[in-house]
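Asker:
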Amino acid sequence: MSKSTGERQALAPELTAKLQQHSEQLVESVHAGDYSRAMAMISELADVRDQGLYHEVGRLTRSLHEARRNFQIDPRNPEQQEALSKMTDASDRLEYVVKMTGQAANRTMDLVEESMPVARHLQDEAQDLHQQWQRLRRRDMAPTEFRELHARMDRFLAALSTDAGKLYGNLSEVLLAQDYQDLTGQVIQNVITLVRNVEDNLVSLVVMAGHVDQLTGTVHQVEDNQPSAEQGVGPQMMSEQRKDVLSGQDDVDDLLSSLGF
Amino acid sequence: MKILIVDDFSTMRRIIKNLLRDLGFTNTGEADDGNTALPMLKTGKYDFLVTDWNMPGMSGFDLIKHVRADDQLKTLPILMVTAEAKRDQIVAAAQAGVSGYIIKPFTAAVLKEKIEKIFERIQ
């Protein structure tokens, strides 16, 4: 919530005026020795504080209702009861992104794993045939071997046509599997918009709550919730602009070699 | 040579497994966090560990500390492959006893180079 060192928000002007007036009268009464009037003033001051508090709680309640309406999670609204709340929807959408990216990665890897042995086999066969072909050109080949080479070349050319077609087909499918970027990109952009709205609404709520804190004199302990570096924090954004983050493998290698690796 | 690959994302395990196979390491095992990996390592069947850092359950960093504290495993070569790129983290990993550190995204060439470097140092 609000930090104790945060800037003080202005009270309503009529409250400030009453506070000033009553506190001056309180000081005057104490100096004049009129203690019963002083007690009355203290009670007046407490009333001012209570009034301000009720006022701010009222505003806080109204803004809470407003925020709930903006989040579309008001359970009394029958239209919205049917629809999932946008917040739950956002989690579902992000799970969809994880699922889509996972599927695309696995589909791509399936196709690559299927294609690699085909390419490797073509390479081996072509190398072998090339050697035989050179022997033929040097006329260093018996007629039986030549007949065998002839048949083998025939099979190779037929296989080459089929296998190249297979590789082409797999590559086209790899290309298609990248459509997840478009679909997940749109979903992520929708979620970003929602998060921005929620953030704006939360900021207004925090400001409202700050007014109440000020009137009640509540000071919150702000806990430091930095994620632990030991558990790991995941990829760093904008690493080029940060001094505590290394921007590539070369930097990591330099750091490690400076440590004696 | 049997290698254990530890990462919480199955796609990343699959990528590393494929790259290792291309480098001639066909005998690999997989685990999705430190809690699963540690008992597998304690069987003594693995000669090399490739681990991510940020995982639910036991993190890769804690796994390294457990491995180095275990008499049977303390000399096991460990290659960290992770998106964690903070200077302090890399220093901490080095002090905890990693044998190599690769940051994601990485290339096949980098993986090959680091693994070869680790083997050079062992021999």
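Residue numbers (the numbering used here), protein chains in the order written: chain A, 31 to 291; chain B, 76 to 198. Glycine included, each C-beta is placed from N, C-alpha and C at the ideal position. This structure is a prediction, so every number in the text was calculated from the model and none was measured.
Please list, in chain order, all residues of the same chain as residue 246(A) whose beta carbon is under 7 Å from its beta carbon, the five residues on each side excluded.
Answerer: Walking along the first sequence from the start, residue 246(A) turns up at place 216. Excluding positions up to five away in sequence, the list reads 83.
Asker: Which class does residue 91(A) belong to by DSSP, given the choice of helix, strand or coil?
Answerer: On the first sequence, residue 91(A) is found 61 positions in, with the first residue counted as 1. Note: residue 91(A) maps to helix in three-state DSSP.
Asker: What span of residues does the beta strand (DSSP E) with residue 42(A) cover, start to end?
Answerer: Residue mapping note: residue 42(A) aligns to position 12 of the first sequence, counting from 1. First-last for residue 42(A): undefined, no H or E at that position.
Asker: Within the chosen definition, does the region 137 to 157 of chain B reach the region 105 to 125 of chain B through at least 3 CB pairs nearer than 8 Å?
Answerer: The region 137 to 157 of chain B vs the region 105 to 125 of chain B: in contact.
Asker: Is residue 133(A) near the ligand GDP, judged by its Cβ being under 8 Å from some heavy atom?
Answerer: Looking for the ligand GDP in the displayed structure turns up nothing, as the structure carries no ligands at all.
Asker: Distance check for residue 274(A) and residue 137(A), CA to CA, integer angstroms please.
Answerer: For the purposes of this step, residue 137(A) is identified with residue 107 of the first sequence, where counting begins at 1. For the purposes of this step, residue 274(A) is identified with residue 244 of the first sequence, where counting begins at 1. Rounded to whole angstroms, residue 137(A) to residue 274(A) spans 37 Å at the Cα level.
Asker: To the nearest angstrom, report how far apart residue 186(B) and residue 177(B) are at their CA atoms.
Answerer: Here residue 186(B) corresponds to residue number 111 of the second sequence, with the count starting at 1. Here residue 177(B) corresponds to residue number 102 of the second sequence, with the count starting at 1. Rounded to the nearest angstrom, the two C-alpha atoms are 8 Å apart.
Asker: Between the Cα of residue 122(B) and those of 169(B), 80(B) and 189(B), spot the shortest distance and give me the residue it belongs to.
Answerer: Within the second sequence, numbered from 1, the residue matching residue 122(B) stands at position 47. Cα-wise, what sits closest to residue 122(B) is 80(B).
Asker: Beta-carbon within less than 8 Å of residue 60(A)'s beta-carbon, same chain only, minus the 5 sequence neighbours each way: which residues are those?
Answerer: Translated into the one-based positions of the first sequence, residue 60(A) becomes position 30. Hits under 8 Å: 68.
Asker: For residue 152(A) versus residue 184(A), is the C-beta spacing smaller than 9 Å?
Answerer: In the first sequence, counting from the first residue as 1, residue 152(A) sits at position 122. In the first sequence, counting from the first residue as 1, residue 184(A) sits at position 154. Not a contact, by the Cβ cut-off of 9 Å.
Asker: For the region 238 to 271 of chain A, list the alpha helix (DSSP H) runs that are entirely contained and at least 4 residues long, ordered along the chain.
Answerer: Whole alpha helix (DSSP H) segments, 4+ residues: zero.
Asker: Using only the alpha-carbon positions, how far apart do residue 270(A) and residue 232(A) sit?
Answerer: Looking up residue 270(A) in the first sequence gives position 240. Looking up residue 232(A) in the first sequence gives position 202. So the alpha carbons of these two residues sit roughly 31 Å apart.
Asker: Taking C-beta pairs closer than 7 Å, name the residues in chain B that residue 282(A) reaches, listed in chain order.
Answerer: By one-based count along the first sequence, residue 282(A) stands at place 252. Near residue 282(A) (Cβ distances below 7 Å), the residues of chain B are 165, 176 and 178.
Asker: Would you kindly work out how many angstroms separate the C-alpha atoms of residue 262(A) and residue 146(A), rounded to a whole number?
Answerer: As a first step, residue 262(A) is located in the first sequence; it is residue number 232 there, counting from the start. As a first step, residue 146(A) is located in the first sequence; it is residue number 116 there, counting from the start. Their Cα atoms are separated by approximately 35 Å.
Asker: Beta strand (DSSP E) containing residue 106(B): first to last residue?
Answerer: Residue numbering aside, residue 106(B) sits at position 31 when the second sequence is read from its first letter. Unbroken beta strand (DSSP E) run through residue 106(B): 103 to 106.
Asker: Below 6 Å CB to CB, which residues in the same chain sit around residue 171(B) once its five sequence neighbours on both sides are set aside?
Answerer: Here residue 171(B) is taken as the residue at index 96 of the second sequence, counted from 1. Once the five neighbours on either side are set aside, the close Cβ partners of residue 171(B) are 139 and 140.
Asker: For the alpha helix (DSSP H) that contains residue 183(A), what are its first and last residues?
Answerer: Stepping through the first sequence from its first residue, residue 183(A) is reached at position 153. 173 to 207 is the span of the alpha helix (DSSP H), which, as asked, contains residue 183(A).
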